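K.L.:
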């Protein structure tokens, strides 16, 4: 009898545990939590400011890593405003010294790396530490090119790190003359030469986000998956290849929603939350969905808040031109169209013995690609042909570049240039290798398209499809011969684009083309210390033409973004340069709850 | 001539196992129709190899040619319409036959080349050797099949073997072949255990034949009908495996295969482009059906004891 009781007790306990385990995950409606649901089209490799350079990790890390300055959420043209800084920097007369006052009382999120597990106050030294980590050559940071030959003493610090065995051996307490902290709330930056774009380029970029030394010491190499920031959210869970979940950071100081924007914002409801304390939502979740169709179906089912328009869903979205179809209207789906300052290209590795020394070959590839058809097939004709590499939104964009014919499709000339290239090479050209990021259908079809175009010009091409981290490693180590790539500007100045071809920025820096042209480099050095104006714009345009003539890439298209959002997704205004925007978003919970019923009715 | 001698002379000539099986097989009309279908697929694949070798510009070889606008629905000009690049879906489907048959054939030979000798050695020697081989294939079979193939395909991709890069279909048939020998190994082992004590084996042993000769010249030929039956049934599974691998992006990337076509068509369905999916599915359907029916008939004919009533 006693045995029976024990067995019965254990059985009941097991049943209770099983039933408790079977309970489904609470929906947002059930939990009452306001949650943002997004999709990431690829895995991300790191959440450490030292090793982040792509838009996907920026989209996530922007929610917990804050910068000294950020772009205003609503104002256009884009303007910078302080975020962790008290005010805009004080700049010396010689334009070489920047003094930044840092907000007091900003706390890091609670984390076991801190004493007692409680987040400590942000100090000016954390910014210096963050920049030193980028400078540490052992960390192999792709972001170093941003600081190369800019800050007094920083290059010497980088030289010193070369003498250390490991990244951990570096003495971060070594002073740097150009990065001083007279007190815990003041950061003084001394430059070697004027850098007027520094605030937008560096101080509003995640690469200068403050890093708590305690976190790096505690997590060591695992710091890439244990971000410790000061932002409105903090990482709760990251399952690589599956999802990323952020929750509200209880230590966040709170920030007021903007009170002003540009004309039309108020009418669009973008100022309804003016003055209210942000963030509005409790959680932000990114589900990693590499395939476009599952992502689209999730959007249509209301499981994610926003979506781009994939090429195969174009007909479903629009009835005519850019007018939404009846179904989309009934479902309350909204369309936002905006110029995205981005350029995509087939890049050539100029260090490659076949491509680098053979300009006719590079020009042949450039002539062989029918960009209009490329845009028609893969973007439903929505993007713009890239005649140069500076995107149309930039103030130095030259509209007359369209007439110069650098993006001309001329297969006959392409074939003639291939013959010329063969003479230079001394025989039949070997098979060229093209690295394409993505193993999905879109990537494969794009690779096939490019292969067909180059085959038509008489070139043999092997398209190599790879996942995003593999691809990034390949182009960062200069082991790709040709690569399909692109960039979105992070500031409204064309420097982001021009820096891609600056000699000292060679891979693993941003110059993945390994393009080197002393004249271009000296113009770049000259332009980057100049203030905005016609003279600087003229130099920028001259530099662009130099690159187009040397042809280190076949520029393909500029993106025009078509974004869809559900009606419940509030405070959405496309922003070309900001990533930490989840704090502005709000969800109309009632509308989201009603969507399921609406979906049934429309079906 | 004595009466006894006359009786021997008049006795009907005996039929071998193979002749007997063939006789039973040709009586099955449906199986013969299916055989014709299978042979047609093989002939098409063979023809495409020859055409490619001699550079004959026949339709399926020119699958990459643009025959019309993107995504043209089926019409008299193009029976199965066109794909994103304006290529004929019919031509791609026909060319896909070559990829599928090549993969299935090579994978079958690899799995037979590994499975049959291992099964025969395990069955004949038993003991420690048997335990080792059984342990290897039990371990291998405990891993989910598709995951195992995927792992092999990922590992083999971009590797080189004797200077030959294992890309595209080479890595696919190697991955399938190297992971699919367990079934045939088990069957052959069981059959050899049954046969090894039979009179003809004992006779060979008493004549002083070597172990190698007994296994490869006496035992394996006598159990080879099992291999043929397994081959015919497994062949279709290999075609499916190739389709799955191509569908998952691990197969042939630059040339049309049925799996890649279904992969493309999957997202195109949302824009109403159904013809690529239908064409590839029909191609797979007919060869799968034909091989299954023919394989069943072959099994019933060669090994009537296994016949399912």
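Residue numbers (my numbering), protein chains in the order written: chain P, 23 to 625; chain S, -18 to 290.
Cβ atoms here follow ideal geometry from the backbone N, Cα and C, with glycine treated the same way.
Quick caveat, the model's predicted, so the values are computed rather than measured.
#1: Which residues, in order along the stretch 19 to 47 of chain S, keep a beta-carbon less than 8 Å from a beta-carbon of chain P?
#2: Where does residue 564 of chain P sit, in a helix, a strand or coil, going by DSSP?
#3: Give a yes or no on contact between the stretch 363 to 379 of chain P and the stretch 586 to 597 of chain P, applying the rule of three or more CB pairs nearer than 8 Å.
#4: Distance check for residue 61 of chain S and residue 20 of chain S, CA to CA, integer angstroms please.
#5: Pick from P:474, P:263, P:563: whose alpha carbon is nearest that of residue 391 of chain P?
#6: What does a CB cutoff of less than 6 Å around residue 558 of chain P pick up in its chain, not counting 5 residues either side in sequence?
#7: Starting from residue 487 of chain P, find everything on chain C with Cβ-Cβ shorter than 8 Å and list it in chain order.
#8: On the three-state DSSP scale, how would you describe residue 117 of chain P?
#9: Would you check if there are 3 or more beta carbon pairs closer than 8 Å linking the stretch 342 to 349 of chain P to the stretch 93 to 107 of chain P?
#10: For residue 58 of chain S, which of S:64, S:48, S:66 has the nearest alpha-carbon?
#11: Determine contact between the stretch 509 to 523 of chain P and the stretch 392 to 402 of chain P, defined as no fewer than three beta-carbon pairs at a distance below 8 Å.
#12: Straight-line CA distance for residue 126 of chain P to residue 208 of chain P?
#13: Alpha carbon to alpha carbon, how far is residue 211 of chain S from residue 283 of chain S? Give it in angstroms, no decimals.
#14: Taking one C-beta from the stretch 87 to 105 of chain S and one from the stretch 164 to 184 of chain S each time, how about it: are there three or more such pairs within less than 8 Å?
#15: Checking contacts by CB at 7 Å: is residue 461 of chain P closer than that to chain S?
#16: Taking 7 Å as the threshold (C-beta atoms), are residue 386 of chain P and residue 317 of chain P in contact?
#17: Could you tell me how far apart the beta carbons of residue 510 of chain P and residue 363 of chain P are, in whole angstroms, since I believe they sit closer than 8 Å?
#18: Counting contacts by CB-CB distance shorter than 7 Å, is residue 249 of chain S in contact with chain P?
#19: Between S:2, S:-6, S:203, S:-4, which has its C-alpha nearest residue 277 of chain S's C-alpha?
#20: Can you tell me where the beta strand (DSSP E) with residue 59 of chain P in it begins and where it stops?
#21: Using a beta-carbon distance below 7 Å, is residue 244 of chain S in contact with chain P?
#22: Going by C-alpha to C-alpha distance, which of P:605, P:546, P:614, P:213 sits closest to residue 279 of chain P?
#23: Any contact of the stretch 429 to 444 of chain P with the stretch 207 to 226 of chain S, i.e. 3+ C-beta pairs under 8 Å?
#24: Between residue 405 of chain P and residue 579 of chain P, is the Cβ-Cβ spacing less than 7 Å?
#25: Is there a C-beta anywhere in chain S that falls below 7 Å from the one on residue 466 of chain P?
#26: Just by C-beta distance, which residues in the stretch 372 to 401 of chain P are closer than 7 Å to chain S?
#27: From which residue to which residue does the alpha helix (DSSP H) around residue 604 of chain P run?
#28: What residues from the stretch 51 to 70 of chain S come within 7 Å of chain P, judged by C-beta to C-beta, listed N to C?
#29: By DSSP, does residue 237 of chain P sit in helix, in strand, or in coil?
#30: Which residue marks the beginning of the alpha helix (DSSP H) containing residue 91 of chain P, and which one marks its end?
#31: Can you tell me where the alpha helix (DSSP H) with residue 111 of chain S in it begins and where it stops?
#32: Under a CB-based cut-off of 7 Å, is residue 72 of chain S close to chain P?
#33: Residue 334 of chain P CB to nearest chain S CB: under 7 Å?
#34: May I ask you to verify whether the stretch 79 to 87 of chain P touches the stretch 241 to 254 of chain P, counting CB pairs closer than 8 Å and requiring at least 3?
#35: Can you tell which of P:243, P:620, P:577, P:320 has its C-alpha closest to the C-alpha of residue 72 of chain P?
#36: Is the shortest distance between the beta-carbon of residue 503 of chain P and the beta-carbons of chain S less than 7 Å?
P.N.:
Let me lay it out:
#1: 45
#2: helix
#3: no
#4: 23 Å
#5: P:474
#6: 549, 552
#7: Within the model displayed, chain C is absent; protein chains P and S are what it includes.
#8: coil
#9: no
#10: S:48
#11: no
#12: 10 Å
#13: 12 Å
#14: yes
#15: yes
#16: no
#17: 6 Å
#18: yes
#19: S:2
#20: 57 to 62
#21: yes
#22: P:605
#23: no
#24: yes
#25: yes
#26: 399
#27: Segment: none, residue 604 of chain P is in no alpha helix (DSSP H) and carries neither H nor E.
#28: 51, 65, 66
#29: helix
#30: Element bounds for residue 91 of chain P: not the alpha helix (DSSP H) but the beta strand (DSSP E), 91 to 93.
#31: 108 to 122
#32: no
#33: yes
#34: yes
#35: P:243
#36: no
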